[in-house]
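These protein sequence lines map, in sequence, to chains A and B.
The first sequence begins at 1 in this note's numbering and counts up one residue at a time.
The second sequence begins at 1 in this note's numbering and counts up one residue at a time.
Below you'll find the structure, written out as structure tokens, and then a few comments.
Number of protein chains: 2
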Amino acid sequence: MPINFSKPLIWKDGILEILDQRRLPEEVIWISCLTPEDVAIAIKEMAIRGAPAIGVAAGYGVALASNPISAIEVLKNTRPTAKNLFYALDKMKKGIEEKKDLLSLAKSIEAEEEKRCLKIAEYGLSLIKDGSSLLTHCNTGPLATAGIGTALGPILLAKDMGIAIKVFATETRPVRQGSRLTMWELKKADISAILIADTAVGYIMNKGLVDAVFVGADRIVKNGDTANKIGTYQIAVLARFHKIPFYVVAPSSTIDIDCPGGNKIVIEERPKKEVTTFNFDCLNPAFDVTPASLITKIITEDGIFEPQKITEDYRE
Amino acid sequence: MPINFSKPLIWKDGILEILDQRRLPEEVIWISCLTPEDVAIAIKEMAIRGAPAIGVAAGYGVALASNPISAIEVLKNTRPTAKNLFYALDKMKKGIEEKKDLLSLAKSIEAEEEKRCLKIAEYGLSLIKDGSSLLTHCNTGPLATAGIGTALGPILLAKDMGIAIKVFATETRPVRQGSRLTMWELKKADISAILIADTAVGYIMNKGLVDAVFVGADRIVKNGDTANKIGTYQIAVLARFHKIPFYVVAPSSTIDIDCPGGNKIVIEERPKKEVTTFNFDCLNPAFDVTPASLITKIITEDGIFEPQKITEDYRE
Numbered sequence: 001m002p003i004n005f006s007k008p009l010i011w012k013d014g015i016l017e018i019l020d021q022r023r024l025p026e027e028v029i030w031i032s033c034l035t036p037e038d039v040a041i042a043i044k045e046m047a048i049r050g051a052p053a054i055g056v057a058a059g060y061g062v063a064l065a066s067n068p069i070s071a072i073e074v075l076k077n078t079r080p081t082a083k084n085l086f087y088a089l090d091k092m093k094k095g096i097e098e099k100k101d102l103l104s105l106a107k108s109i110e111a112e113e114e115k116r117c118l119k120i121a122e123y124g125l126s127l128i129k130d131g132s133s134l135l136t137h138c139n140t141g142p143l144a145t146a147g148i149g150t151a152l153g154p155i156l157l158a159k160d161m162g163i164a165i166k167v168f169a170t171e172t173r174p175v176r177q178g179s180r181l182t183m184w185e186l187k188k189a190d191i192s193a194i195l196i197a198d199t200a201v202g203y204i205m206n207k208g209l210v211d212a213v214f215v216g217a218d219r220i221v222k223n224g225d226t227a228n229k230i231g232t233y234q235i236a237v238l239a240r241f242h243k244i245p246f247y248v249v250a251p252s253s254t255i256d257i258d259c260p261g262g263n264k265i266v267i268e269e270r271p272k273k274e275v276t277t278f279n280f281d282c283l284n285p286a287f288d289v290t291p292a293s294l295i296t297k298i299i300t301e302d303g304i305f306e307p308q309k310i311t312e313d314y315r316e
Numbered sequence: 001m002p003i004n005f006s007k008p009l010i011w012k013d014g015i016l017e018i019l020d021q022r023r024l025p026e027e028v029i030w031i032s033c034l035t036p037e038d039v040a041i042a043i044k045e046m047a048i049r050g051a052p053a054i055g056v057a058a059g060y061g062v063a064l065a066s067n068p069i070s071a072i073e074v075l076k077n078t079r080p081t082a083k084n085l086f087y088a089l090d091k092m093k094k095g096i097e098e099k100k101d102l103l104s105l106a107k108s109i110e111a112e113e114e115k116r117c118l119k120i121a122e123y124g125l126s127l128i129k130d131g132s133s134l135l136t137h138c139n140t141g142p143l144a145t146a147g148i149g150t151a152l153g154p155i156l157l158a159k160d161m162g163i164a165i166k167v168f169a170t171e172t173r174p175v176r177q178g179s180r181l182t183m184w185e186l187k188k189a190d191i192s193a194i195l196i197a198d199t200a201v202g203y204i205m206n207k208g209l210v211d212a213v214f215v216g217a218d219r220i221v222k223n224g225d226t227a228n229k230i231g232t233y234q235i236a237v238l239a240r241f242h243k244i245p246f247y248v249v250a251p252s253s254t255i256d257i258d259c260p261g262g263n264k265i266v267i268e269e270r271p272k273k274e275v276t277t278f279n280f281d282c283l284n285p286a287f288d289v290t291p292a293s294l295i296t297k298i299i300t301e302d303g304i305f306e307p308q309k310i311t312e313d314y315r316e
């Protein structure tokens with residue numbers, strides 16, 4: 001592992017410690033999870049977030065349970081959009097059926113995701129030109145993955161290899177993962193990073209300040225359509241309009257081969273209070289779907305794919 | 001005047017009372033301005049904002065001065081982008097040269113803007129279909145104009161005439177004029193209004209929820225390019241991509257016939273602390289420029305114009 005990074009969760013003496021990302025960057029507070037219900041609450045309320053990290057946390061959540069089968073049901077009903085949650089729970093379910101040691105299995109899910117991230121970073125690196133300016137949305141670094149990150153992985157690796165890069169991070173309203181988490185991670189890695197409001201994406205693209213967009217994914221379906229943090233779709237449209245490449249970076253655990261197209265993905269509606277503290281009506285979708293036609297390439301730990309063909313290579 | 005609306009400023013007994021819009025909607029607090037400097041601070045710090053309202057306030061600011069010529073200089077150096085500020089100050093300057101009563105002149109600027117808003121609303125109304133859903137950005141209602149509004153004017157008039165409409169208001173980060181001011185004004189007018197994060201614009205357009213976009217303007221230049229609140233440009237790109245009409249609604253006092261194109265407009269950079277309270281680097285442009293080619297029509301008090309031809313009709 002070439003890069004030091006912080007983990008969003010640590011298993012220690014039979015307890016899952018989860019870093020409360022809602023309090024970052026002001027406070028570094030850990031939540032001690034003793035039961036699957038504790039983990040479910042941490043996922044639902046976004047103390048831990050990021051598709052791969054949610055999957056890893058859910059694995060440990062099952063390992064904490066006295067009744068692992070019912071724990072799977074509890075953990076399933078936390079957040080509907082990220083495929084990785086269901087990927088990890090399916091693995092745990094199979095482990096229960098095969099009478100495997102559930103803690104070892106949870107640990108292996110974490111180790112796998114860490115390895116995937118590193119491979120992803122290496123593939124993604126090949127798409128980063130020296131001296132280029134990249135735009136990213138939401139948070140896709142170590143905090144989101146339990147590894148070095150998905151979309152942020154190639155960026156961290158580029159910095160480590162001495163490649164000159166500049167990163168624009170969107171604030172990512174309503175939960176501000178960009179201004180709170182991505183800027184924090186980029187600063188720790190000593191990467192030149194500039195925060196912008198979500199309203200300024202078109203402005204910086206129009207000024208020629210963005211050479212490529214790197215984003216993560218919560219679910220990539222059969223035809224290559226990709227669900228990710230709300231705002232991703234409009235960034236893809238803006239990238240297409242300004243002729244800027246738009247890369248989706250995700251582990252294979254994000255791929256949902258059984259879902260035929262983006263219109264079948266369940267989009268989570270989050271509480272209105274995330275957008276407004278006033279008594280106003282509000283629509284607060286947590287994710288949106290970017291059609292494959294707006295994605296330049298999808299990068300997984302297995303390589304760099306044409307979006308429309310992504311699942312052909314995963315269908316064996 | 002068919003609609004009751006709140007004024008963002010009131011002249012009373014030799015004092016200009018300015019409603020502090022930074023505190024809305026939680027608190028209704030008025031700032032008593034006794035000098036041009038008081039007015040300049042209120043404009044610079046956005047206690048009063050909105051291109052037409054800024055112009056009106058600046059007129060009264062000059063009327064408050066013991067040295068009106070130096071007051072013009074102070075008021076000029078508050079916010080660079082909105083044309084209306086310079087329009088009003090030019091009128092006041094001419095008034096000084098012609099030895100006019102400056103208070104009457106300031107009052108006439110306010111009265112003119114109020115009349116313009118009403119005419120604009122009537123022209124804009126002709127573009128609103130019964131049962132349609134409109135998207136607006138930032139705040140362009142009474143608070144922004146000293147009249148019934150620019151982009152919000154036709155919407156308020158439509159409601160008054162019993163035309164069924166639904167309005168999506170963007171939050172408008174970083175200053176949140178949408179979630180604080182526009183939602184407040186729409187609710188007071190009993191209009192069906194839904195707040196969205198700025199990241200959700202593409203999402204609702206893609207779902208077919210938006211029939212037309214109505215925005216205001218801070219400066220419309222000779223070729224029809226239009227500066228407005230940061231985020232306007234990307235909404236125009238998104239509207240074009242989704243084949244949704246995009247209307248710019250503004251009084252003629254916003255038109256800058258001497259500026260040849262959008263690339264010559266000075267874009268104000270606002271303090272970084274508006275976007276982040278943490279010690280992160282940040283780019284915070286307050287406005288962006290929408291090229292005429294992305295605008296469907298420009299509506300002023302004189303009618304509905306082709307964007308590219310807007311200044312031909314104002315050149316006599």
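Positions of the beta carbon are idealized from the N, C-alpha and C atoms, including for glycine.
Check, Outcome
"Taking the alpha-carbon positions, what's the A:Lys129 to A:Ala212 distance?", "9 Å"
"Using a Cβ-Cβ cut-off of 9 Å, state whether A:Thr136 counts as contacting chain B.", "no"
"In whole angstroms, give me the CA-to-CA distance for A:Asp160 and A:Glu301.", "19 Å"
"Taking 9 Å as the threshold (beta carbon to beta carbon), is B:Tyr233 in contact with chain A?", "yes"
"Please classify B:Ile165: is it buried, with 16 or more other beta-carbons within 10 angstroms of its beta-carbon, or exposed?", "buried"
"Could you name the residues of chain E that A:Phe246 contacts, counting a contact when the two beta carbons are closer than 8 Å?", "Going by chain labels, chain E is absent from the structure shown, which instead holds the protein chains A and B."
"For the beta strand (DSSP E) holding A:Asp288, just list the boundary residues, first then last.", "287-290"
"On the three-state DSSP scale, how would you describe A:Ala250?", "coil"
"Counting only C-beta atoms, is B:Leu105 closer than 9 Å to chain A at any point?", "no"
"Got a sec? Which residues, its chain only, sit under 8 Å from B:Leu85 by beta carbon, not counting five neighbours each side?", "Ile43, Ala51, Ile54, Gly55, Ala58, Leu75, Lys76, Thr78, Arg79"
"Relative to the alpha-carbon of B:Ala217, which residue among B:Tyr247, B:Leu238, B:Phe280 has its alpha-carbon at the smallest distance?", "B:Tyr247"
"In the DSSP assignment, what residue or residues form a beta bridge with A:Gly224?", "BP columns for A:Gly224 are empty, so no partner."
"Grab me the residues of B:Ala121's own chain with a C-beta within less than 8 Å of its C-beta, minus the 5 sequence neighbours each way, in chain order.", "Ile148, Gly149, Gly153, Pro154, Leu156, Leu157"
"Which runs of the alpha helix (DSSP H), 4 residues or longer, sit entirely within the region 127-155 of chain B?", "142-145"
"Can you give me the Cβ contacts of A:Phe305 inside the same chain, cut-off strictly under 6 Å, excluding the 5 residues immediately before and after it?", "Ile298"
"Given a cut-off of 9 Å on the beta-carbon distance, is the pair A:Val201 and A:Thr170 in contact?", "yes"
"Would B:Thr226 be called buried (16 or more neighbouring beta carbons within 10 Å of its own) or exposed?", "buried"
"Which of the three DSSP states is assigned to A:Cys259 in this structure?", "coil"
"Of the residues that make up the region 182-198 of chain A, which ones have a beta carbon closer than 9 Å to any beta carbon in chain B?", "Met183, Trp184, Leu186, Lys187, Ser192, Ala193, Ile194, Leu195, Ile196, Ala197, Asp198"
"Should B:Glu112 go down as buried or exposed, given a rule of 16 or more other Cβ atoms within 10 Å for buried?", "buried"
"Does the region 17-37 of chain A touch the region 171-191 of chain A, meaning 3 or more C-beta pairs lie closer than 8 Å?", "yes"
"In three-state DSSP terms, what is B:Ile54?", "helix"
"Measure from the C-beta of A:Asp288 to each C-beta in chain B and report whether the shortest distance is under 9 Å.", "yes"
"Are there three or more Cβ pairs, one per stretch, closer than 8 Å when the region 278-297 of chain A is compared with the region 188-202 of chain B?", "yes"
"At a Cβ threshold of 9 Å, is B:Ala200 touching chain A?", "yes"
"What are the start and end residues of each continuous beta strand (DSSP E) run of 3 or more residues lying completely inside the region 13-39 of chain B, in chain order?", "15-19, 30-33"
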